[in-house]
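Those sequence lines, one after another, are chains U and E.
For the first sequence, the numbering used here assigns the number 168 to the initial residue and increments by one for each residue that follows.
For the second sequence, the numbering used here assigns the number 168 to the initial residue and increments by one for each residue that follows.
Each residue gets a CB set at the ideal place from its N, CA and C atoms; glycine is no exception.
All figures in this text were calculated on a predicted structure; none of them were measured in a lab.
Read through the structure below, which is laid out as structure tokens, and then see the notes.
2 protein chains.
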Amino acid sequence: MPEPFEMTVGEAARAIRRGELTPVGLVESLLARVDAREESLLAWVYLDRETLLSEAEGKTAEARSGNPLGPLHGVPIGLKDIYYTAGIPTTACSKVYADFVPEFDGTSVRLLKEAGAIIMGKTMTTEFACMDPSPTFNPWDAACTPGGSSSGSAVSVAARMCPAALGSQTVGSVLRPASYNGVVGFKPSFGRISRHGVVPVSWTLDTVGWMCRSVEDVALMLQAMAGYDPEDMVSRSEPATNYVGALNANTPPRIGVLRDFFYDNADGETTAHTDEVLRRLAEAGAEVAEVAMPESINTAIEDQQIIMAVEAGAFHQPMHERQAEDYQPRLRGLIERGLSTPSVEYSRAMERRQRFVTDMRRLANRPGVLLTPTTPQPAQPDRTNTGNPMFQGPWTSCGLPTITLPSGRAGSGLPLGIQLAGPYLGEGELLAAAAWCERALGVSLAPPL
Amino acid sequence: MPEPFEMTVGEAARAIRRGELTPVGLVESLLARVDAREESLLAWVYLDRETLLSEAEGKTAEARSGNPLGPLHGVPIGLKDIYYTAGIPTTACSKVYADFVPEFDGTSVRLLKEAGAIIMGKTMTTEFACMDPSPTFNPWDAACTPGGSSSGSAVSVAARMCPAALGSQTVGSVLRPASYNGVVGFKPSFGRISRHGVVPVSWTLDTVGWMCRSVEDVALMLQAMAGYDPEDMVSRSEPATNYVGALNANTPPRIGVLRDFFYDNADGETTAHTDEVLRRLAEAGAEVAEVAMPESINTAIEDQQIIMAVEAGAFHQPMHERQAEDYQPRLRGLIERGLSTPSVEYSRAMERRQRFVTDMRRLANRPGVLLTPTTPQPAQPDRTNTGNPMFQGPWTSCGLPTITLPSGRAGSGLPLGIQLAGPYLGEGELLAAAAWCERALGVSLAPPL
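Set out below in structure tokens:
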């Protein structure tokens, strides 16, 4: 049996259910890991050992009671510090929210708890999930960016301080840091998981997502959190399917490769690596074909920036009026750009985005999944920014589900990843293909101690 | 057999198919009607008798050929002058578009033609389908408004100058004028019919709709025009169902009455009339229950104004920069309001509207249909405005399908109507209920000559 801190969500949950591991044992193992790694990584904002251990004791007692257990029983999960936690500060790592203590749990947090999970703590985020870098370090190389905005979630999972952590993606804030740190990252379809009780960036873009270390864990957590919530005005009522069951379909997937746009904007090492991954997947039986991006990609990146700026401006305007100087410069600039954008420009950007959404959803409705490199290059030795989100942005903008899998390492030693996208609300199909690719590639990365 | 000009679309199409009527006979009868009524009504902007008769001759020959005929074969249909017609001016009744001659037919126009319809001509609209009254007269009382913006379409159908005409609804531009003139008016779900080749007002609100004189005609025309069109970025891909077949379900519907908001804002004669209609429907077997409007209605009317202003501003900005003085005052004011609205205000209105959409679609998902008076009062003796669209606006804003049926006459002699709404993309269910109500009420109105 691996050390408890090395276990995935699925492994830990099974071990607990079988009585081979107790939630207390798991939490103690993870806390020891936090003791060893946190000082040099700065992944956590809030972690209350006492409460955590007492929670774990309760879960341990329940596990011994013989009563039926939730699918995530006793497994600790981290939360990016923008998720509302009842009675626990939710600061968005900002002076502006320094004193905010929510009175309720976000819907996704509540659902994780209902599935038996323990909340491990709150992880570091860039300020309000935007672009100013957080102090967090990349466990592969302290000189490199860990990415953002869900930096603490990615690093805590990569460094085995917790098996999974929620992040959020407005442009590229889940899959990019996941890939920079060598873990699995997932963003479901827009509307699949409620955002009620998540501090917003941009109401037409924000999507709940998470980091973990296996496709099975993605399915387990999606199963727990997917569902309609009238409290989120974009929540979809299409029923969730059996995501965990979908992983058993061991059929080689049809893979559409998007070379234009993605290869055009990636470095040579990344494109060569992606080609090598494709060769291995084809060898294992996948049917690989070239697919073209729609023309509407040409305005999609800039339009997303306009939309994000205006919607962030709409949320932050009252705070910005009172305490503009409390914001870090990039976020302040974003808010101010939004406040000064003419409404007709925002409307036109929304209209062009709608065209892009239509085009991309049609593209993703072909049988199988779409594949791209996850990022234009691996994490760079530059901590003044969080890296380039342009390979995530289009997917967030059009609401399609995406997953990144670690697929190898660059010459610098930093992780590389592949990004898969599936049909709108077709998470089952996407995860089945991702599980097949995970098995075919057999890549699991752990940063050096 | 009734005079050809008195026939509905369905009656005329059947008579042509049976050889009891020729398209030429139908067109001649309608043109005689135009000769008798147009001078005092001003419903038409463009009507080319020669082309029309030669079209009708072609359709007559086809009908005699024994080849299979389209469901609308030989039936003339009018078009609000915002529908693109290849080679025929499309002026939006504005100086700004005075010289615009499209090179292609709008998708809906093309589909009507493919179903065998003849384009009768272009009908009067308020300028760019907005609020400045058109010169059109109400055939029931020349002192009263005919409503707007689809004034010519409503009046041409009410006065039996054509059996059906396309309009469009951004706030209340189809069902209101339909009801003011005593005819059937229909607006499908947002996304059900392509708007490609329709001069826009507001891209998140504009909906193709039409006037006719029976629920059967609504179904026939919907069947011809419903469908996915990649050219319209909001087009939905959910398949159209058998709308004509749905009318045969002769089950008494469940009717949810929305008294709050609608009764609160209607005059006493209108509420008393609606109660009387409900009594008759219940007597005929309908199950009537009270239903409450969601709280989000409180901001919906004002938010729709903000959204319409900004989106109209986005479309008209370049023309407004060149020739602001060519616009009529209400439209110019709307554009200028849009251009000066802060983007964050528009974004917040869109966000609140999304909440309203969610609430209303949930409401409409109850079994059966929702019922309200169509307008707060019948058409008023005031031609300086086009009447109050507030009973349509909420349905346009949330994209639900609606229909108005003539249900009686006010003390003033002007028509009254009831408005029914169905589930999102549930036109079949809505039309089945409407056909039942039409039979139960047995009201058909014709204005005095």
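Contact with chain E by residue i, beta-carbon distance below 8 Å
i	result
Gly480(U)	yes
Thr508(U)	yes
Thr569(U)	no
Gln521(U)	yes
Gln586(U)	no
Pro485(U)	no
Arg515(U)	yes
Pro397(U)	yes
Glu469(U)	no
Glu229(U)	no
Glu270(U)	no
Residue range of the unbroken alpha helix (DSSP H) whose run includes residue i
i	result
Cys565(U)	560 to 565
Gln521(E)	510 to 531
Glu450(E)	435 to 450
Thr274(E)	274 to 281
Tyr347(U)	342 to 347
Phe482(E)	464 to 490
Tyr410(U)	410 to 413
Ala607(E)	594 to 608
Arg327(E)	Premise fails: Arg327(E) is in no alpha helix (DSSP H) and is neither H nor E.
Val176(E)	176 to 184
Residue i at chain U interface by Cβ criterion, 8 Å
i	result
Gly505(E)	yes
Met328(E)	no
Val477(E)	yes
Met400(E)	yes
Thr525(E)	yes
Val511(E)	yes
Pro561(E)	no
Glu457(E)	no
Glu594(E)	no
Glu450(E)	no
Glu518(E)	yes
Beta-carbon spacing of residue i, residue j below 8 Å
i	j	result
Met475(E)	Leu372(E)	yes
Gly314(U)	Thr553(U)	yes
Pro344(U)	Asp384(U)	no
Ile285(E)	Val242(E)	yes
Pro306(U)	Pro614(U)	yes
Val382(U)	Val351(U)	yes
Arg403(E)	Val324(E)	no
Val201(U)	Leu214(U)	yes
Gly535(U)	Arg421(U)	yes
Contacting residues, own chain, Cβ-Cβ under 7 Å from residue i (five flanking each side not counted)
i	result
Ile360(U)	Ser275, Val375, Met392, Ala393
Gly192(E)	Pro171
Phe267(U)	Pro256, Thr257, Thr258
Ala459(U)	Asp427
Thr508(E)	Ile473, Ala476, Val477
Asn432(E)	Pro543, Met557
For residue i, the first and last residue of its enclosing beta strand (DSSP E)
i	result
Trp377(U)	374 to 379
Lys289(U)	285 to 290
Glu454(U)	454 to 457
Gly535(E)	Careful: Gly535(E) lies outside any beta strand (DSSP E) and carries neither H nor E.
Asp232(U)	First, the residue type needs correcting, since residue 232(U) is Ser and not Asp in the sequence shown. From DSSP, Ser232(U) is part of no beta strand (DSSP E) but of the alpha helix (DSSP H) over 216 to 232.
Arg359(U)	Note, Arg359(U): premise wrong, no beta strand (DSSP E); not H, not E.
Arg200(U)	No beta strand (DSSP E) contains Arg200(U), which is instead part of the alpha helix (DSSP H) from 190 to 208.
Ser335(E)	332 to 336
Near the ligand MG: residue i beta-carbon under 7 Å from a heavy atom
i	result
Glu383(U)	Summarising the ligand content, the structure contains no ligands, and the ligand MG is consequently not present.
Chain-order list of residues whose beta-carbon lies under 8 Å from that of residue i (same chain, five-residue window excluded)
i	result
Cys260(E)	Val212, Asp248, Met291, Thr292, Thr293, Glu294, Phe295, Ser301
His440(E)	Pro540, Ser574, Gly575, Ala577, Leu583
Asp299(E)	Thr293, Gln495, Pro496, Arg497, Leu498
Ala179(E)	Pro171, Leu188, Leu193, Gly241, Val242, Pro330
Close-in-space but distant-in-sequence residues of the same chain around residue i (CB under 6 Å, 5 per side omitted)
i	result
Asp399(E)	Ser361, Arg362, His363
Ser356(U)	Gly566, Pro568, Tyr591, Leu592
Residues from the stretch 307 to 340 of chain U in contact with chain E, defined by Cβ distance under 9 Å: none
Taking beta-carbon pairs under 7 Å, can you tell me which members of the stretch 356 to 387 of chain U lie near chain E? Trp370
Using a Cβ-Cβ cut-off of less than 8 Å, give me the residues of the stretch 194 to 206 of chain E that come near chain U, in sequence order. none
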